[in-house]
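What follows is a single structure, written as structure tokens, with notes after it.
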């Protein structure tokens with residue numbers, strides 16, 4: 003009774019985070035750094051100051067989207083590694099619409115967001131279609147699609163969105179999510195209104211999956227394709243739908259960067275990692291909308307706070323990445339934690 | 003019933019998390035209080051430590067990092083030299099912040115500004131936008147941008163005449179090649195790297211217009227794997243000298259050249275390094291594949307601007323150009339075996355011609371074409 007499945011879903015991530023932090027502390031200590039100072043610097047660098055707080059929330063925003071994207075696909079039994087590419091095309095589309103058109107904000111901003119969602123959706127649709135119709139594994143296609151997105155967007159930025167520059171032209175005011183008010187309030191961090199959209203998106207995902215028939219079908223396909231087919235559901239359609247929605251979420255994550263954080267799109271020499279981190283966020287969040295928001299908060303905190311660790315506590319940023327990796331490791335090995343907990347429960351009885 | 007249980011559990015967990023976090027928070031507020039108090043004591047420590055100024059200077063790297071054996075490392079070496087000269091302590095008087103991606107530039111710059119650094123360097127043209135914004139918001143802090151020109155008045159712009167140095171290593175490459183095929187590996191295709199490419203191609207053509215130059219861009223300054231693949235293709239196609247201008251990506255070019263040399267020491271493969279004298283990177287057994295390096299004295303420039311700023315002569319808003327005449331760029335001659343006297347002589351000839359203005363080295367694609375036509 004005490005250890006219900008739900009309880010596990012909450013306990014396992016919490017324990018893995020704690021284990022990750024402890025293991026990180028041990029590593030820091032063994033390399034001669036003071037872990038207490040290190041974590042203090044991490045905290046000060048993420049919440050210690052209104053500026054850092056703003057930056058942390060800014061970083062959390064795209065993480066929520068990519069986390070939702072990966073989680074949504076997971077729930078339908080699909081592994082969307084392509085969130086990275088979907089972020090990039092979403093970013094590109096939002097900046098494109100944001101710079102190319104002139105319209106009042108009430109039209110322009112939603113249009114730019116829609117373009118991003120659509121671009122991401124298309125990028126998800128292709129692997130979805132291939133999976134549904136030809137049975138091609140979505141992991142392979144999405145990985146390939148990431149590279150296509152990266153290099154095509156770089157080429158487009160150079161040739162179409164700017165005149166052979168390293169970044170696109172800036173978007174118009176009317177498509178921008180950035181707000182002077184928020185920026186001034188957080189002593190010029192890049193905090194923008196995207197966080198509200200992200201929280202709203204999390205609610206939509208929850209509602210869609212838990213409260214609608216379509217969501218039930220998606221989850222059902224995720225649990226067991228054959229049973230779903232036997233029950234008369236169109237598995238192929240659901241696979242495509244799941245990838246499209248997942249891609250749309252990731253595309254919106256790109257729009258957060260394009261319309262909020264940057265206001266333009268630089269050419270990328272490597273992946274943004276937003277999509278890949280989204281996999282960890284989804285995993286840590288138990289593929290649940292509310293969990294994803296919390297996990298995104300944690301990852302944003304770690305990411306921004308980590309920047310402060312080398313300066314404030316002399317801990318090399320490489321070690322910070324090891325700590326983050328350890329947390330992911332412990333989440334991924336949740337089976338072990340689950341097993342230990344079960345043991346514990348049996349002995350307790 | 004189960005639902006309320008879940009809700010309760012959640013609330014309880016949230017509370018627990020809240021308590022833990024707030025505990026951290028309060029201890030940390032003490033911490034940050036100590037920190038802000040600590041800053042004064044830090045500067046006190048500095049004074050105890052023998053430094054007679056509380057000048058603080060920091061730098062933000064681009065994605066290469068301070069151990070890229072190239073550009074960022076050179077800047078960091080300059081900063082370290084400056085710090086040691088002036089009795090500053092690493093981490094307090096001078097420090098760096100490393101960027102993992104473009105999104106980190108702003109927080110890194112801001113955290114140095116917040117830690118009361120008097121002068122903050124942005125290393126690399128990719129930081130231009132971020133530096134403009136941060137400088138605009140912090141008019142009292144001095145900034146310096148390496149390799150590009152920003153707008154704000156409190157930014158000193160440090161640029162180099164890389165095309166001149168590249169021209170000279172082009173001369174060296176043209177004289178060294180036996181296959182009449184040389185290669186150029188660029189980081190990202192941009193105005194800046196075009197300067198390297200144009201100068202190099204002009205230098206090669208000045209010696210022998212028939213030499214073929216294979217130009218490829220890795221589209222990254224931090225991808226040694228790509229550098230290695232490109233170098234492998236180039237060497238396979240008969241290229242025997244590669245000039246790389248690609249930051250850490252170039253480490254892959256070195257790795258490939260060394261692999262070839264290791265398997266067959268008689269093979270004629272050379273790499274021309276960039277930014278720093280990359281002689282050490284080319285050592286393999288008794289051989290060395292580094293023909294020469296186009297040395298860009300980022301360290302000297304960084305030191306100079308830091309010193310000017312400390313002495314109250316900060317060149318804000320100015321564009322500083324370091325070229326051949328003031329040793330801002332130069333050609334490394336550390337590999338004496340590979341650089342024959344004849345080559346050194348020829349390079350010095352061209353160098354003099356450039357300094358005297360006899361030769362105008364092209365820095366863009368268009369100028370290059372005009373230059374090649376005039377040959």
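Chains as they are written, first to last, in this note's numbering: chain B, 3 to 351; chain C, 3 to 377.
In this text, a Cβ means the ideal position worked out from N, Cα and C, and glycines have one as well.
Beta strand (DSSP E) segment containing residue i, residue limits
i, result
"residue 333 (chain C)", "331-333"
"residue 145 (chain C)", "144-148"
"residue 280 (chain C)", "Residue 280 (chain C) -> no beta strand (DSSP E), and no H or E assigned at all."
"residue 308 (chain B)", "Careful: residue 308 (chain B) lies outside any beta strand (DSSP E), inside the alpha helix (DSSP H) at 291-315."
"residue 62 (chain C)", "59-62"
"residue 122 (chain C)", "121-125"
"residue 89 (chain B)", "Where residue 89 (chain B) is concerned, there is no enclosing beta strand (DSSP E), although the alpha helix (DSSP H) it sits in stretches over 85-102."
Which listed residue (the options) has its alpha carbon closest to that of residue i
i, options, result
"residue 169 (chain C)", "C:160, C:276, C:323, C:71", "C:276"
"residue 234 (chain C)", "C:259, C:127, C:219", "C:259"
"residue 59 (chain C)", "C:124, C:109, C:75", "C:124"
"residue 261 (chain B)", "B:194, B:249, B:213, B:220", "B:194"
"residue 188 (chain C)", "C:196, C:182, C:181", "C:196"
"residue 31 (chain B)", "B:244, B:315, B:307", "B:315"
"residue 50 (chain B)", "B:326, B:328, B:8, B:303", "B:303"
"residue 91 (chain C)", "C:57, C:361, C:129, C:201", "C:57"
"residue 152 (chain B)", "B:118, B:321, B:273, B:64", "B:273"
"residue 28 (chain B)", "B:343, B:344, B:338, B:321", "B:321"
"residue 193 (chain C)", "C:368, C:120, C:64", "C:368"
"residue 240 (chain C)", "C:321, C:250, C:183", "C:183"
"residue 270 (chain C)", "C:250, C:293, C:280, C:279", "C:293"
"residue 43 (chain B)", "B:309, B:97, B:253", "B:309"
"residue 326 (chain B)", "B:306, B:343, B:337", "B:306"
"residue 318 (chain C)", "C:145, C:312, C:203", "C:145"
"residue 103 (chain B)", "B:242, B:129, B:163, B:11", "B:163"
"residue 20 (chain B)", "B:108, B:258, B:328, B:230", "B:328"
Exposed unless 16 or more other CB atoms sit within 10 angstroms - verdict on residue i
i, result
"residue 41 (chain B)", "buried"
"residue 165 (chain C)", "buried"
"residue 269 (chain B)", "buried"
"residue 341 (chain C)", "buried"
"residue 24 (chain C)", "In this prediction, residue 24 (chain C) has a pLDDT of 43, which is less than 50 and means its spatial position is unreliable; what the coordinates show is noted afterwards. Exposed."
"residue 268 (chain C)", "exposed"
"residue 183 (chain B)", "exposed"
"residue 74 (chain C)", "buried"
"residue 137 (chain B)", "exposed"
"residue 84 (chain C)", "buried"
"residue 190 (chain C)", "buried"
"residue 345 (chain B)", "exposed"
"residue 162 (chain C)", "buried"
"residue 22 (chain C)", "Unreliable positioning characterises residue 22 (chain C) in this predicted model, as indicated by a pLDDT of 49, which lies under 50. A coordinate reading is not provided."
"residue 166 (chain B)", "exposed"
"residue 7 (chain B)", "exposed"
"residue 218 (chain C)", "buried"
"residue 30 (chain C)", "Note that residue 30 (chain C) has pLDDT 37, beneath the 50 cutoff, so the model's placement of it is unreliable and no number is given."
"residue 102 (chain C)", "buried"
"residue 81 (chain C)", "buried"
"residue 256 (chain B)", "buried"
"residue 321 (chain C)", "exposed"
Extent of the continuous alpha helix (DSSP H) to which residue i belongs
i, result
"residue 360 (chain B)", "Any answer about residue 360 (chain B) is impossible in this case: the structure gives chain B only from 3 up to 351."
"residue 252 (chain C)", "252-265"
"residue 223 (chain B)", "215-225"
"residue 269 (chain C)", "From DSSP, residue 269 (chain C) is part of no alpha helix (DSSP H); its letter is neither H nor E."
"residue 343 (chain C)", "343-357"
"residue 108 (chain C)", "107-116"
"residue 139 (chain C)", "130-139"
"residue 41 (chain B)", "37-46"
"residue 412 (chain B)", "Since the displayed chain B opens at 3 and closes at 351, residue 412 (chain B) lies outside it and no answer follows."
beta-carbon residue i near the ligand ATP non-hydrogen atom, thresh 7 Å
i, result
"residue 109 (chain C)", "Here there are no bound small molecules, and the ligand ATP is not part of this structure."
Per DSSP, cross-strand counterpart(s) of residue i
i, result
"residue 161 (chain C)", "C:323"
"residue 95 (chain C)", "Bridge partners of residue 95 (chain C): none, in fact."
"residue 16 (chain B)", "Answer is none; residue 16 (chain B) lacks a bridge partner."
"residue 245 (chain C)", "C:186, C:274"
"residue 194 (chain B)", "B:180"
What runs of the alpha helix (DSSP H), each 4 residues or longer, lie entirely inside the stretch 107-179 of chain B?
107-136, 140-158
Segments of 3+ residues assigned as beta strand (DSSP E) that fall wholly inside the stretch 280-322 of chain C:
Every unbroken stretch of the beta strand (DSSP E) spanning 3 or more residues and falling wholly within the stretch 280-322 of chain C is given here in chain order: 292-298.
Can you list, in chain order, the stretches of the beta strand (DSSP E) that have 3 or more residues and sit fully within the stretch 155-229 of chain C?
157-162, 183-188, 214-219
Enumerate, from N- to C-terminal direction, the unbroken alpha helix (DSSP H) stretches of 4 or more residues contained entirely within the stretch 237-282 of chain B.
237-257
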